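**Q** Here the sequence shown stands for residues 1 to 243, where the numbers follow UniProt numbering. Glycine residues also receive a C-beta, built at the ideal position from the N, C-alpha and C atoms. Note that this is a predicted model, so its numbers are computed, not measured.
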Amino acid sequence: MGYEQQRDFIKTALGPQFAANNISTKIIIYDHNYNYDNIVTQEHYPVHIYDDAEANKYIDGAAYHAYGGSNTEMDYVTSKYPNKNLYFTEIAIGEWNYNFQGDLMWNTREIGIGTLNKGSKCAIMWNLLLDTNHGPYRPNGCSNSYGAVDVKVPGYSELIYRSHYYDMAHLSKVIKPDSIRLGTTVSGSSNVYATSAINTNGFIGAVLLNDQDQDVTVSVHCGSHAFDVPMSKRSVVSVIWKQ
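Here is the structure:
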């Protein structure tokens, strides 16, 4: 569906029906790759829809996948419409060149840390649980994906924990629902990345990534708090403290 069709559907049908029936479900547009599948006429898809005032008033935000392009597209959309929300809604791992360490580094850097720092309200890894036959999947759907956790068949008695499991584990351990994202700056290394948020209970959580082949010590400074975090090469660390 091109942006023209989605725009017109929202402003003439979906949006008015939601309003007429007091439906509060959020309308989130696009939900595809950063690069718009390299279709020139569809570049910056959400912005074109937001430009239409009648469609705009019904829309909460836009969602993205990471199978093409760069998450810098989120920066562009925010620069045009800073009051619209962003959501990262899909990235998968699978038999295509899977490497636990490499995927852990890339997904933590580009998705777990990268999209949150660009304003995304979520980071969804796809899928949560599959079996070692890559199922269940729909007919003609992707048949070679891994879950964050795979259950071995036959027997269903043994679990395999993939890189996405640890991506989600680090983030969800220290950054909780309804937390507020904090501005996070990293200096001194181009291979260390971080994101942080303050939780509703007052605790601050941060996820740190050392994406290089040497151990480092990361010094964390937040208000009156400062502490060092030793990190092994190619590693992820989650920390939490009371401000």
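(1) Under the three-state reduction of DSSP, which class applies to E158: helix, strand or coil?
(2) Have a look at the DSSP bridge pairing and note the partners of C222.
(3) Could you work out which residue in M1, I204, T115 is closest to Y64 when comparing CA atoms only?
(4) Quick check on the DSSP output: the alpha helix (DSSP H) that includes residue 246 runs from which residue to which?
(5) Quick check: what's the CA-CA separation for D8 versus F100?
(6) Have a look at the DSSP bridge pairing and note the partners of I94.
(7) Along the chain, where does the alpha helix (DSSP H) containing R7 start, and where does it finish?
(8) Taking the alpha carbon of G112 as the reference point, which residue from V237, W241, Q243, Y36 has its own alpha carbon closest?
(9) Is the separation between the beta-carbon of Y30 and that of P46 shorter than 9 Å?
(10) Nearest-angstrom Cα distance between P230 and S189?
(11) Any idea if V40 is buried or exposed, counting beta-carbon neighbours within 10 angstroms, 16 or more meaning buried?
(12) Residue ranges of each beta strand (DSSP E) run of no fewer than 3 residues wholly in the stretch 20-63, ordered along the chain?
(13) Can the beta-carbon of L209 be found closer than 9 Å to that of T89?
**A** Taking the geometry as given:
(1) Here E158 carries a coil assignment [DSSP, helix/strand/coil].
(2) Under DSSP, the beta-bridge partners assigned to C222 are H225.
(3) Closest by alpha carbon: T115.
(4) Given a span of 1 to 243 for the chain in the structure shown, any question on residue 246 remains unanswerable.
(5) Taking the straight line from one Cα to the other gives about 43 Å.
(6) Per the sequence shown, residue 94 should be read as Gly rather than Ile. Answer is S145, bridged to G94.
(7) Going by DSSP, R7 is part of the alpha helix (DSSP H) stretching over 3-9.
(8) When each option's Cα is compared against that of G112, the closest is V237.
(9) Note that the C-beta distance between Y30 and P46 is below 9 Å.
(10) Approximately 14 Å, taken between the alpha carbons.
(11) It is exposed - the Cβ of V40 has fewer than 16 other Cβ atoms within 10 Å.
(12) Fully enclosed beta strand (DSSP E) runs of 3 or longer: 28-33.
(13) Contact flag unset, no.
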